[in-house]
Structure formats: structure tokens, C-alpha cells
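Reviewing the structure listed below.
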Amino acid sequence: MLLNTRPLISDHDADILASAFRRRTLLGAGAAAAGILATPLSGFAQSAAGQEAEITVDQARTAPIPIIIPDFGGDMGQKISEVLANDLNNTGLFKVIRGSNPSGQPDFAAAKGMGAHAQVTGSVSGGGSSLRVEMRLWDVLAHQQIQGTAYTTSAANWRRIAHIVGDVIYQRMLGEKGYFDTRIAFISRSGPRGHQRTRLAIMDQDGANARMLTAGNWLTITPRFSPVKDQLAFMSYANNRPRVYLFDLNSGRQQLLGDFQGISFAPHFSPDGHSVVLSVTRGGGSDLFVVDLASGARRQITASGAIDTSPCYNPDGSQIVFNSDRGGSPQLYIMPASGGNAQRISYGQGNYGSPVWSPRGDLIAFTRIANGMFSLGVMAPDGSGERIMTQGFTVESPSFCPNGRVLAYCNQTRAGAGGAGFSSTLKMVDITGFNDRHVPTPEEASDPTWSPLNG
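Quick note: the sequence shown uses my numbering, first residue 5, plus one each step.
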């Protein structure tokens with residue numbers, strides 16, 4: 005949340021918060037629950053399982069890895085290979101070459117002649133509701149198999165299998181975990197600019213399988229994924245009382261999180277998933293509270309008399325970054341997770357907000373407003389190394405993918421008379437500002453939050 009005015013809360017709490025958020029502003033279970041069985045394939049020369057990748061992400065940004073992706077055979081095999089090719093292409097780190105699918109070891113000379121450094125071979129078998137997908141990854145230059153795995157599951161999981169195969173390729177080629185087998189929750193928006201219906205929604209990270217989770221009867225904003233459960237925290241104006249709720253993705257059940265006297269907003273889960281830190285209005289400001297999910301116990305961790313909001317834990321749960329105007333303008337601060345002395349870390353031009361800590365712990369993403377322009381950037385936790393990745397009329401709500409390499413965010417355009425020309429879409433960008441691209445959604449969208457890897 006980016007604070008633009010003071011005081012934030014007045015006698016018209018709901019209208020003010022809704023306006024501020026507008027401006028700044030159920031899919032499958034885990035692999036085990038879904039019944040996906042992965043088994044190693046042998047039969048060809050294979051490199052050591054622990055071999056380190058020779059290509060770094062930074063090198064792949066400059067020179068994307070040429071890789072041959074064939075059709076795996078039949079209608080289902082074609083669909084799986086298309087999803088796999090799109091996953092790899094969308095990173096900007098791979099250059100997918102569509103090629104043939106040999107029944108055994110590839111023709112390495114032919115693959116090298118096509119400019120490939122790696123080649124995938126695969127097959128799909130099974131009937132009815134069952135599915136077996138075999139995948140082999142080959143190092144074209146070394147003439148050897150890098151990976152061989154077979155996946156057995158229900159046919160309904162074919163898209164997940166494609167994402168899982170993509171994650172395996174990403175990790176073996178780049179030495180880092182992939183992020184394709186993930187989901188993004190977001191706010192789906194429809195209707196006129198000033199009276200949009202907002203619904204909690206969820207989809208695969210590539211925009212597929214989108215579906216609505218709430219009916220849109222009340223303004224809904226700022227969803228956040230639990231790191232350990234199929235659960236979201238979000239803010240809803242249900243019954244004209246803006247408060248934070250929990251949404252269970254398996255049952256569809258909603259429950260209020262902490263019956264605070266003031267407005268509760270800007271939730272974020274702790275890394276262990278046992279608690280949620282959020283902001284609660286008190287007088288003309290707001291303080292940060294931690295709510296234990298098992299007991300419901302509440303603990304206040306700031307009392308500055310200012311507007312403290314948008315808290316987010318670091319990966320080990322020892323620190324919290326948040327947004328506060330305690331120094332006269334909205335800036336970013338870090339403090340111990342238990343509360344205490346807060347240190348300011350943002351010193352660039354303009355107002356800062358919406359901080360989120362990278363899963364790697366090395367960066368904090370933020371939104372900044374200066375000279376009427378929004379910017380999306382990152383900085384080190386001590387405030388050093390600030391850099392801007394993208395700018396626009398409104399660029400906000402950053403959320404890291406599980407490996408910390410990519411940010412999802414909301415991009416909004418300026419509205420003309422009667423709301424003409426306004427759009428609110430989701431985009432993704434590499435943390436270096438590389439490969440800034442659009443993410444498809446069924447309607448206009450905002451407030452993305454990236455899930456952890458599906459279990």
C-alpha cells in the first residue's frame with residue numbers, strides 16, 4: 005500500500021480507502037495430493053545427478069539458451085509440449101526451437117546444426133483417465149543425457165506435468181529452481197471505471213485455468229498467499245466494514261481474521277504460515293499487529309502515532325519491512341519482527357510504499373511516486389543499490405515468484421473523460437528490468453500475489 009495523503013482515515017473510511025486502493029492499486033492441490041508419481045528413467049549415458057549448471061541466469065539474459073522442444077506425440081503430447089515451450093520462452097532465458105522427436109538418442113550433429121545447446125525428447129501414453137509422460141533432457145554439446153523422468157498421474161493433470169517438466173529443465177540448465185508450477189491470485193475487475201466489480205480470482209502463473217473465487221458483492225483487494233497452505237488473506241468491504249479475511253482454497257470458506265475495532269488491511273503471512281501481520285486503523289493513523297492463526301491472539305508491534313502499513317516479513321521471519329509516514333512522508337522502514345527500533349531505508353526522491361521482501365532475502369521490491377509518476381523498483385535491505393525496473397501512470401503491487409527472479413505487478417493506464425482509455429492489467433518483469441511482459445487475464449486485473457511452488 006502506498007500512502008499519498010494524511011490522514012488516511014476519516015469519517016468516510018470506506019470511501020477513502022477504496023479510492024486510495026483504486027489509485028494505488030480454485031486450482032489443483034499439491035503434487036502429492038494430485039497423485040503425480042515421478043520416477044527416474046535410465047538406459048542412456050547420463051551426467052552426474054549433482055552436476056552444476058554451466059550457464060548462469062545472467063548469461064542466459066544476454067544469450068538465451070537454444071533448446072529443441074518437440075511434440076511429444078498425439079493430441080495430448082502436442083498440448084503438453086506447447087505449454088512447456090511457452091513456459092521456457094516466456095522467461096526470456098531460453099530460445100525454443102521446435103523440432104522432431106527421435107525415439108531414442110537424438111542426432112546430436114543435427115541438433116547442433118540447428119544451433120541448439122540442449123534438446124528435449126518425450127512421449128505420452130495411457131488411456132482414459134490415466135497418463136504417463138516420459139521426458140529426457142539432453143546436452144547437445146556434451147552428447148549426453150542430463151535428466152530422465154517419467155510422470156504418472158491422471159489425465160486432468162496434463163498442464164501441471166508440462167509446468168513440472170519446465171521447472172526441471174530450468175533447474176538443470178540454470179542451477180536454480182523454476183517457478184512454472186505455481187499460481188497467481190489476483191483481483192479481477194469488470195464494469196465502469198468508477199464502479200468496478202472486484203472479485204478474488206486465481207489462475208496458473210501463465211494465465212490458464214483462471215476462475216473466480218468470490219461473487220463480487222463487495223470491494224475486495226490485496227490478496228496474499230499463505231506459504232504453507234492453500235489459503236489467502238485479503239481485505240473485503242463485506243457488510244460495509246473493511247476488514248481482513250482468510251479464504252480457504254479447498255473449501256471456499258471465508259473467515260474474519262481478528263475482530264478489530266478499527267479497519268484492518270494490508271495483510272501478509274509469516275514465513276512459517278502460523279501468523280499474519282497486518283495494519284489496523286487507530287485514530288488518524290494505523291499500527292501493525294500480528295495475529296496468531298491457531299489461537300487468534302493479537303500482538304501490537306508499532307505505536308508511532310503515524311500511518312504504519314504494508315508490512316512484509318523477510319524469509320527467516322526475523323525482520324519486517326513496512327511503509328510509514330512517521331518521518332513526514334511515506335517511506336520504507338525495517339524493524340525486528342517483534343517490534344522495536346525501526347530504521348528508515350528509502351532515501352530517493354518521492355514517496356515509497358508496497359514493500360515486499362524477496363524469497364532470497366537479498367532484495368526488497370517497492371513502489372515509488374515522484375513527479376506524478378509511479379515507478380517499480382528494488383533495493384537491498386539496507387537501502388543500497390536502488391534501481392527502477394519500470395515506470396508508468398500506475399505500476400504497483402509487486403509480488404516475487406518463488407525463486408525471486410521475477411516480479412508480477414499491476415499496470416494501470418490514465419483514465420480520460422468518463423473513464424475512457426483506462427485499463428488495469430497484470431505484467432511480469434525480471435528483477436533486472438529485463439523481459440517486461442503482459443500476463444493474460446479474463447477481465448481487467450490488479451493486486452497479484454504469487455503462490456509458493458505447488459507441493
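Cβ atoms here follow ideal geometry from the backbone N, Cα and C, with glycine treated the same way.
Would residue i pass as a contact of residue j if the rule is Cβ separation under 8 angstroms?
i, j, result
"G300", "G343", "no"
"P363", "G408", "yes"
"F190", "A369", "no"
"P315", "V360", "no"
"S455", "R187", "yes"
"T453", "R228", "yes"
"P275", "P340", "no"
"D451", "I225", "yes"
"I311", "S333", "no"
"S358", "P406", "no"
"L260", "Y241", "no"
"L178", "L97", "yes"
"V295", "I305", "no"
"P70", "H121", "yes"
"A214", "T445", "yes"
"S308", "R286", "no"
"Y356", "L336", "yes"
"A374", "G396", "no"
"P385", "I435", "no"
Does the beta-carbon of residue i have 16 or more other beta-carbons within 10 angstroms, so that it is buried, or is it exposed?
i, result
"Y351", "exposed"
"N94", "buried"
"S134", "exposed"
"S107", "exposed"
"M118", "exposed"
"R247", "buried"
"H442", "exposed"
"R418", "exposed"
"L41", "exposed"
"S194", "exposed"
"P110", "buried"
"S283", "buried"
"D62", "exposed"
"T371", "buried"
"Q50", "Note that Q50 scores 49 on pLDDT, short of 50, meaning its location in the model is unreliable and no value can be drawn from it."
"R140", "buried"
"A115", "buried"
"N221", "exposed"
"R26", "At R26 the pLDDT is 32, less than 50, meaning the model places this residue with poor confidence; the figure from the coordinates comes in the next sentence. So R26 ends up on the buried side."
"G288", "exposed"
"N458", "buried"
"Q209", "buried"
"Q347", "exposed"
"Q149", "buried"
"S428", "buried"
With a threshold of 7 angstroms on Cβ separation, who are the neighbours of residue i within its own chain once the five nearest residues in sequence on each side are excluded?
i, result
"G387", "I349, S350 and Y351"
"E138", "L45, G126, S127 and A154"
"K431", "Y413, N415, D440, R441, H442 and V443"
"G39", "T157 and S158"
"F273", "R228, S230, P231, A237 and V280"
"A64", "L97 and L178"
"R391", "G381 and V382"
"G78", "V128"
Apart from the five residues on each side of it in sequence, which residues of its chain come closer than 8 angstroms, Cβ to Cβ, to residue i?
i, result
"M216", "S192, R203, L204 and A205"
"G423", "P196, R197 and G198"
"R176", "A57, L141, I150 and Q151"
What does DSSP give as the partner residue(s) for residue i in the beta ladder?
i, result
"I101", "I72"
"H147", "Partner(s): none; H147 has no beta bridge."
"H272", "V281"
"K431", "Y413 and H442"
"C316", "V325"
"R203", "S192"
Tell me which same chain residues have a C-beta within less than 6 angstroms of the C-beta of residue i, skipping the five on either side of it?
i, result
"L367", "V382"
"F184", "D91, H167, G170 and D171"
"Q258", "Y249 and F251"
"G256", "none"
"D234", "L253 and N254"
"P68", "L97, F98 and K99"
"S322", "A341"
"T313", "M5, A270, S283, S290 and N327"
"R302", "G262, F293 and V295"
"A212", "none"
What whole-angstrom Cβ distance do residue i and residue j have, given they're in contact under 8 angstroms?
i, j, result
"I173", "V124", "7 angstroms"
"S279", "L297", "6 angstroms"
"P319", "G365", "5 angstroms"
"R102", "I84", "Actually they are not in contact, since the Cβ atoms of R102 and I84 sit about 13 angstroms apart, beyond 8 angstroms."
"D75", "N105", "6 angstroms"
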